[in-house]
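*Asks:* 1 is the number of the first residue of the sequence shown in UniProt numbering; add one for each residue after it.
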Amino acid sequence: MRISNFKRLVILAVFMVLLGMVGCGKYIEQKEAINESKVNLTKVLKYKGSYVGDNSAIVNIINNLPANIYKEGVELQTTSKPYEITIQYKYFEDLDIRFEDGSFISSSLSQIMKNNALILLSLVKNVDIVNFNIDDGTIITYEGTDLINDNKDAFGNDLKEITKDKSSLENFIKTNKN
Numbered sequence: 001m002r003i004s005n006f007k008r009l010v011i012l013a014v015f016m017v018l019l020g021m022v023g024c025g026k027y028i029e030q031k032e033a034i035n036e037s038k039v040n041l042t043k044v045l046k047y048k049g050s051y052v053g054d055n056s057a058i059v060n061i062i063n064n065l066p067a068n069i070y071k072e073g074v075e076l077q078t079t080s081k082p083y084e085i086t087i088q089y090k091y092f093e094d095l096d097i098r099f100e101d102g103s104f105i106s107s108s109l110s111q112i113m114k115n116n117a118l119i120l121l122s123l124v125k126n127v128d129i130v131n132f133n134i135d136d137g138t139i140i141t142y143e144g145t146d147l148i149n150d151n152k153d154a155f156g157n158d159l160k161e162i163t164k165d166k167s168s169l170e171n172f173i174k175t176n177k178n
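Quick look at the structure:
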């Protein structure tokens, strides 16, 4: 009789382990199937005027920008000028960006990286260079002065208009397709 109770216990344990594995597998598949980045521009603007050396502020900005679901890490170079922010991302092609009001747009990796660089340059007072390292080996680098010069017609000599308020920032993300 003890053997049959032991067998029942083993069968039940194996069943529970298998059930757990199947459940975890479904969660991972669903997460990968959803190619949507939820942004929180209210939180992003909370860190306006931050400095590259403020790790918490920089990470909080990046965690609330488009492509946040693909972010793998952040490095800050603060020992000497030029001050740099380097963000590691998993590769993606196109991404749906969902805003706080439920509206969304689709955008490409290259456009999201450029817009995120412009936003970071607008928000962070002393950032000189923004690097994006994609896990497929692609490295995208934006130097602040070059990016500002390339976008003078749209934003003037500085980028403060991009992050003037939540409406300006949302409009920038939705319409800046250059």
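All C-beta atoms, glycine included, are put in the ideal place defined by N, C-alpha and C.
(1) Please confirm whether N115 and N176 have their CB atoms less than 7 Å apart.
(2) Nearest CA to the CA of S110: which residue from I162, R8, Y142, D165?
(3) Suppose only complete runs of 4+ residues qualify. What are the alpha helix (DSSP H) ranges in the stretch 127-152, listed by chain order?
(4) Cutting at 7 Å between CB atoms, please list the residues of its own chain near I173, excluding the five before and the five after it.
(5) Tell me which residues share the same chain as T42 and place their Cβ nearer than 8 Å to its Cβ, disregarding the 5 neighbours each side in the sequence.
(6) For a test of the three-state rule: what should DSSP assign to E75, helix, strand or coil?
(7) Who does E84 pair with in a DSSP beta bridge?
(8) What's the C-alpha gap between L76 and I140?
(9) Quick one: what's got a C-beta closer than 7 Å to D136's C-beta in the same chain, skipping five residues either side?
(10) Quick one: what's got a C-beta closer than 7 Å to K81's C-beta in the same chain, skipping five residues either side?
(11) Just grab the DSSP bridge partners of I105 for me.
*Replies:* Per the coordinate set shown:
(1) Here the question's residue 115 lines up with position 115 in the sequence shown. Here the question's residue 176 lines up with position 176 in the sequence shown. Yes, they are a contact pair.
(2) Within the sequence shown, the letter at position 110 stands for residue 110. If we check each option's Cα against that of S110, Y142 comes out closest.
(3) 144-150
(4) Working through the sequence shown from its first residue, we reach residue 173 at position 173. Answer for I173: P66, I97, N115, listed in chain order.
(5) Within the sequence shown, residue 42 is the residue found at index 42, counting from 1. Only E100, K166 meet the Cβ criterion.
(6) Residue 75 sits at position 75 when you count from the first residue of the sequence shown. The answer is strand: DSSP assigns E75 an E or B state.
(7) Within the sequence shown, residue 84 is the residue found at index 84, counting from 1. For E84, which the question treats as bridged, DSSP gives the partners Q77, I129.
(8) Here residue 76 is taken as the residue at index 76 of the sequence shown, counted from 1. Here residue 140 is taken as the residue at index 140 of the sequence shown, counted from 1. Going from the Cα of L76 to the Cα of I140 covers about 16 Å.
(9) Translated into the one-based positions of the sequence shown, residue 136 becomes position 136. So the qualifying residues of the chain are Y91.
(10) Residue mapping note: residue 81 aligns to position 81 of the sequence shown, counting from 1. So the qualifying residues of the chain are D128.
(11) Numbered from its first residue, the sequence shown carries residue 105 at position 105. Paired residues: I97.
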